[in-house]
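Asker:
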Amino acid sequence: MTSSYHPEQFEIKYNDNYNGTKSIKLLNTTLLVNNPNPELIDINKINEEKWIEFWENLEKIGLWDLEEEYQGCTLEGGFTWSVRIQYKSKDIISYGVNIEPKIVMGDKIYSILEELYKSIEELISFE
């Protein structure tokens, strides 16, 4: 069963020199989550309301408005990240090195990546 709320493409990677790599990738109807241990999640088991909330959260945090590339400088350590999501008419490809995009909501500054990870955790949690 294919839902109109399922993405066509979905791949997110985050790697830092201290904690290794975390990733999530859509393979057909299964999300392969490495955080850091591999886990398979059938996207058909995620209810429609969770998908709706997830896509609304991505709008709220401005994910679709990200620049293609973010580059920062650091002398030691560092991290890389990439986001590739295609859903209906929306498509985002963005990546960065040692810097991540931020958004101002109210009187606070938030990391778009952290907000994205929170939204993913809410989406795939089966409480």
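Take the sequence shown: its position 64, counting from 1, is numbered 64 in this note's numbering, and each next residue is one higher. The beta carbon of each residue, even a glycine, is placed where N, CA and C say it ideally should be. Quick caveat, the model's predicted, so the values are computed rather than measured.
#1: How would you write the range of the alpha helix (DSSP H) that I112 sits in, first residue to last?
#2: With distances taken between CB atoms, is the gap from N35 to K22 smaller than 8 Å?
#3: Anyone know if the C-beta pair for G72 and Y18 falls short of 8 Å?
#4: Where do the ends of the beta strand (DSSP E) carrying I46 lie?
#5: When you compare the segment 42-58 with the segment 111-124, are there three or more beta-carbon pairs, one atom per stretch, that lie closer than 8 Å?
#6: Are L66 and P101 closer than 8 Å when you measure CB to CB?
Answerer: Considering the structure as presented:
#1: Residue mapping note: residue 112 aligns to position 112 of the sequence shown, counting from 1. Taken as a continuous stretch (DSSP letters only), the alpha helix (DSSP H) holding I112 covers 112-124.
#2: By one-based count along the sequence shown, residue 35 stands at place 35. By one-based count along the sequence shown, residue 22 stands at place 22. A contact, by the Cβ cut-off of 8 Å.
#3: For the purposes of this step, residue 72 is taken as residue 72 along the sequence shown, with counting starting at 1. For the purposes of this step, residue 18 is taken as residue 18 along the sequence shown, with counting starting at 1. Going by C-beta atoms, G72 is not nearer than 8 Å to Y18.
#4: Counted from its first residue, the sequence shown places residue 46 at position 46. Element bounds for I46: n/a, residue is neither H nor E.
#5: yes
#6: Translated into positions along the sequence shown, residue 66 becomes position 66. Translated into positions along the sequence shown, residue 101 becomes position 101. Contact check for L66 against P101 passes: the beta carbons are separated by less than 8 Å.
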